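Student: Okay, so the sequence shown: first residue is 1 according to UniProt numbering, each after it adds one. My questions will all concern the structure given below.
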Amino acid sequence: MKILILNKQIYFLLYLGLLILGGCNLQLKSEEIRFSEKLQAGWNLGNSLDTHNLNFQTDSPTDYETYWKNPPTNPEIIQDIRKAGFQTIRIPVTWQEHVDDNFMIDQEWLNRVTEIIDMSLDEGFYVILNAHHDDWYTPDEAHLTSAIKKVKLLWTQLGNHFAEYDTHLLFESMNEPRLIGTGDEWATGPYESQKIVNQLNEGFVETIRQLEGYNRERYLLLPTYAARFETAALNAFELPSGKHLMVSIHSYIPDYFTQTDQKGTTFDPENSKDTKLIDTFFSDINQLFINKGIPVVITEFGASHKNNLDDRLAWTQYFVEKSRTLDVPYIWWDPGGDNPKHPDFSLYDRYYQKWLFPELVDSLVN
1 MKILILNKQI YFLLYLGLLI LGGCNLQLKS EEIRFSEKLQ AGWNLGNSLD
51 THNLNFQTDS PTDYETYWKN PPTNPEIIQD IRKAGFQTIR IPVTWQEHVD
101 DNFMIDQEWL NRVTEIIDMS LDEGFYVILN AHHDDWYTPD EAHLTSAIKK
151 VKLLWTQLGN HFAEYDTHLL FESMNEPRLI GTGDEWATGP YESQKIVNQL
201 NEGFVETIRQ LEGYNRERYL LLPTYAARFE TAALNAFELP SGKHLMVSIH
251 SYIPDYFTQT DQKGTTFDPE NSKDTKLIDT FFSDINQLFI NKGIPVVITE
301 FGASHKNNLD DRLAWTQYFV EKSRTLDVPY IWWDPGGDNP KHPDFSLYDR
351 YYQKWLFPEL VDSLVN
């Protein structure tokens, strides 16, 4: 009888120990992973505030916002995106043409960015603000010193400006930092450039965390080299120390199906040739990040329109199911545009304020 009681006590202590260990893991997920789960399905306000290289001189934010064939963003557009069921909106912004010689941001441009962020927060969105097409963060030794300086200058201004915005506003350090115009532009990157991306991410985190207000707690997104999805790029990524950090990755895979300039129009979820890259990607991020309590956000993904709606639906459903299994948020890339006959990745017509592919939207949000 005493042996039986002793055994029960041992089993109870073992069970209690497992609960404690499990509780630690749940606490980790509660603070990091579980916040990322709130982001759910998202939508990119592409080709509006990230325009650059205008062929005429102007200081007008509207000239920039409409240069790539989109109308000025208004509350009705933001409301439509929210009503469809999206929880997160990513606002890509190019800054380099809106700063002076001292890298101080033009106030009128900052006011316009703030206006759109406010519209989005008012609708209940989580909002991701980034630095999108800026070339000053080119990850090579020639740019490293100036890039670190500009990371700190830019994000000190933005962090101070948005200091009292709560954690519904997230910051993303860079968009696809890569060696533009080289053979490594859309690859996993040379070792030196991978390390420089890590250094720039670390400088970004240090900059924000030194600021007042919600910046001590704000969630920060950090990309891999070129925001690549391959195993080599993911393995090279180094997360800075600290909390409330997320990995930002883009995933247009397989590219022969998703990309506009590729001829592939069919996707079969039963064909391993079509699904292999997707399966490997989610297996990698689960092993390298999710299982370690590190959140991942797919800040861009999508499949372009090639008169193949059924296959795009099959691809979207397959990708979304994989994401939801791991509770990984995903944000569709929508560049808008003024030609609904050639919508590319676009889901929403910003001119007529209507959805182009309601079936795809339904797959994303439901």
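From the three backbone atoms N, C-alpha and C, an ideal C-beta is built for every residue, glycine too. For clarity, every value in this text was computed on a predicted model and none was experimentally measured.
1. In whole angstroms, what separates the C-alpha of Phe-345 from that of Trp-333?
2. Go to Pro-223, then tell me how far its beta strand (DSSP E) extends in each direction, as first and last residue.
3. Nearest-angstrom Cα distance between Val-127 and Leu-169?
4. Less than 7 Å between C-beta atoms, sequence neighbours within five positions excluded: which residues of the same chain meet that for Pro-335?
5. Check this for me: beta carbons of Leu-39 and Val-361, under 9 Å apart or not?
6. Give the DSSP-derived three-state secondary structure of Arg-90 in the structure shown.
7. How is Asn-235 classed by DSSP in three states: helix, strand or coil?
8. Can you tell me where the beta strand (DSSP E) holding Trp-332 begins and where it ends?
9. To the nearest angstrom, how far is the alpha carbon of His-143 from that of Gly-203?
10. Pick out whichever of Ala-226, Ala-227, Asn-286, Val-205 has its Cα sitting closest to the Cα of Glu-217.
11. Quick one: give me the first and last residue of the alpha helix (DSSP H) that Tyr-318 is part of.
12. Starting from the C-beta of Ser-323, find all residues in its chain whose C-beta is less than 7 Å away, skip the five residues before and the five after it, and write them out in chain order.
13. Identify the residues that DSSP records as bridge partners of Ser-251: which are they?
14. Grab the span of the alpha helix (DSSP H) containing Ala-163 for me, first residue to last.
15. Exposed or buried, what is Gly-22 when buried is set at 16 or more other beta-carbons lying within 10 Å of its beta-carbon?
16. Would you identify the three-state DSSP class for Trp-155, choosing helix, strand or coil?
17. Pull up the CB-CB distance for Asn-70 and Gly-302, whole angstroms please, since I reckon it's below 8 Å.
18. From which residue to which residue does the beta strand (DSSP E) around Asn-47 run?
19. Per DSSP, Ala-41 forms a beta bridge with which residues?
20. Report all residues from its chain with a CB closer than 6 Å to the CB of Asn-25; omit the five preceding and five following residues, and keep chain order.
21. Can the beta-carbon of Glu-65 be found less than 9 Å from the beta-carbon of Leu-49?
22. For a test of the three-state rule: what should DSSP assign to Asp-134, helix, strand or coil?
23. Mind checking which residues open and close the alpha helix (DSSP H) that includes Phe-281?
24. Taking the straight line between their C-alpha atoms, what separation do you get for Ile-285 and Gln-79?
25. Is it right to say Leu-309 is buried, meaning 16 or more other beta carbons lie within 10 angstroms of its own, or is it exposed?
26. How is Phe-103 classed by DSSP in three states: helix, strand or coil?
27. Does the ligand FAD have even one heavy atom less than 8 Å from the beta-carbon of Asp-184?
28. For Glu-172, which beta-bridge partners are listed by DSSP?
29. Distance, Cα to Cα, Ala-233 vs Ile-253?
30. Going by beta carbon distance, what residues of the same chain come within less than 6 Å of Asp-268, once the five residues before and after it are set aside?
31. Could you tell me whether the Cβ atoms of Glu-97 and His-244 are closer together than 9 Å?
32. DSSP state of Asp-63, grouped into three classes?
33. Under three-state DSSP, which class holds Lys-83?
34. Going by beta carbon distance, what residues of the same chain come within less than 7 Å of Thr-265, once the five residues before and after it are set aside?
Tutor: Taking the coordinates as given:
1. As a first step, residue 345 is located in the sequence shown; it is residue number 345 there, counting from the start. As a first step, residue 333 is located in the sequence shown; it is residue number 333 there, counting from the start. If you take the alpha carbons of Phe-345 and Trp-333, they lie about 7 Å apart.
2. One-based indexing of the sequence shown puts residue 223 at position 223. That run of the beta strand (DSSP E) goes 220-223.
3. By 1-based counting over the sequence shown, the position of residue 127 is 127. By 1-based counting over the sequence shown, the position of residue 169 is 169. Roughly 5 Å separates the two Cα atoms.
4. Taking the first residue of the sequence shown as position 1, residue 335 is located at position 335. Cβ within range, chain order: Gly-46, Asn-47, Asp-344, Phe-345, Ser-346.
5. For the purposes of this step, residue 39 is taken as residue 39 along the sequence shown, with counting starting at 1. For the purposes of this step, residue 361 is taken as residue 361 along the sequence shown, with counting starting at 1. Taking 9 Å as the Cβ cut-off, Leu-39 and Val-361 do not qualify as a contacting pair.
6. By 1-based counting over the sequence shown, the position of residue 90 is 90. Assignment of Arg-90 by DSSP, reduced to helix, strand and coil, places it in the strand class.
7. Within the sequence shown, residue 235 is the residue found at index 235, counting from 1. In the structure shown, Asn-235 falls within a helical segment according to DSSP collapsed to helix, strand and coil.
8. For the purposes of this step, residue 332 is identified with residue 332 of the sequence shown, where counting begins at 1. That run of the beta strand (DSSP E) goes 330-332.
9. If you number the sequence shown from 1, residue 143 lands on position 143. If you number the sequence shown from 1, residue 203 lands on position 203. Each residue's Cα considered, the two are about 14 Å apart.
10. Translated into positions along the sequence shown, residue 217 becomes position 217. Among Ala-226, Ala-227, Asn-286, Val-205, the Cα nearest to that of Glu-217 is on Val-205.
11. Stepping through the sequence shown from its first residue, residue 318 is reached at position 318. Here the alpha helix (DSSP H) through Tyr-318 covers 309-325.
12. In the sequence shown, counting from the first residue as 1, residue 323 sits at position 323. These residues qualify, in order along the chain: Ile-298, Tyr-330.
13. For this step, residue 251 is matched to residue 251 along the sequence shown. As DSSP reads the structure, Ser-251 sits in a beta bridge with Phe-301.
14. Within the sequence shown, the letter at position 163 stands for residue 163. From DSSP, Ala-163 is part of no alpha helix (DSSP H); its letter is neither H nor E.
15. Along the sequence shown, one-based indexing puts residue 22 at 22. Residue confidence is low: Gly-22 scores 45 on pLDDT, short of 50, so the model does not pin down where it sits. Its coordinate-derived value is still stated next. Exposed: under 16 other Cβ atoms inside 10 Å.
16. In the sequence shown, counting from the first residue as 1, residue 155 sits at position 155. It is helical.
17. Within the sequence shown, numbered from 1, the residue matching residue 70 stands at position 70. Within the sequence shown, numbered from 1, the residue matching residue 302 stands at position 302. Between Gly-302 and Asn-70 the Cβ distance is about 17 Å, and since that is not below 8 Å, they are no contact.
18. Mapped onto the sequence shown, residue 47 falls at position 47. Here Asn-47 belongs to no beta strand (DSSP E), and DSSP marks it neither H nor E.
19. Walking along the sequence shown from the start, residue 41 turns up at place 41. According to DSSP, which records beta bridges pairwise, Ala-41 is partnered with Tyr-330.
20. Start at 1 with the first residue of the sequence shown, and residue 25 comes out as number 25. Caution applies to Asn-25, whose pLDDT of 42 falls short of 50 and renders its modelled position unreliable; the value that the coordinates give is listed next. For Asn-25, where only same-chain residues beyond five positions count, there are no Cβ hits under 6 Å.
21. As a first step, residue 65 is located in the sequence shown; it is residue number 65 there, counting from the start. As a first step, residue 49 is located in the sequence shown; it is residue number 49 there, counting from the start. Yes.
22. Position 134 of the sequence shown, counted from the first residue, corresponds to residue 134. If DSSP states are grouped into helix, strand and coil, Asp-134 belongs with coil.
23. Mapped onto the sequence shown, residue 281 falls at position 281. It spans 272-288 - the alpha helix (DSSP H) in which Phe-281 sits, taken as one unbroken run.
24. For the purposes of this step, residue 285 is taken as residue 285 along the sequence shown, with counting starting at 1. For the purposes of this step, residue 79 is taken as residue 79 along the sequence shown, with counting starting at 1. Straight-line Cα distance between these residues: approximately 32 Å.
25. Sequence index remark: in the sequence shown, residue 309 carries index 309 (1-based). That one is exposed.
26. One-based indexing of the sequence shown puts residue 103 at position 103. Three-state result, Phe-103: coil.
27. Annotation note on the ligand FAD: not contained in the displayed structure, which lists no ligands.
28. Taking the first residue of the sequence shown as position 1, residue 172 is located at position 172. According to DSSP, Glu-172 bridges with Asn-130, Leu-221.
29. One-based indexing of the sequence shown puts residue 233 at position 233. One-based indexing of the sequence shown puts residue 253 at position 253. It is roughly 15 Å from the alpha-carbon of Ala-233 to the alpha-carbon of Ile-253.
30. For the purposes of this step, residue 268 is taken as residue 268 along the sequence shown, with counting starting at 1. So the list reads Asp-274, once near-sequence residues are dropped.
31. As a working mapping, residue 97 is identified with position 97 in the sequence shown. As a working mapping, residue 244 is identified with position 244 in the sequence shown. No. Outside cutoff.
32. Residue 63 sits at position 63 when you count from the first residue of the sequence shown. Helix, per DSSP.
33. Walking along the sequence shown from the start, residue 83 turns up at place 83. Helix at Lys-83.
34. Along the sequence shown, one-based indexing puts residue 265 at 265. The residues are Lys-306, Asn-308, Asp-311.
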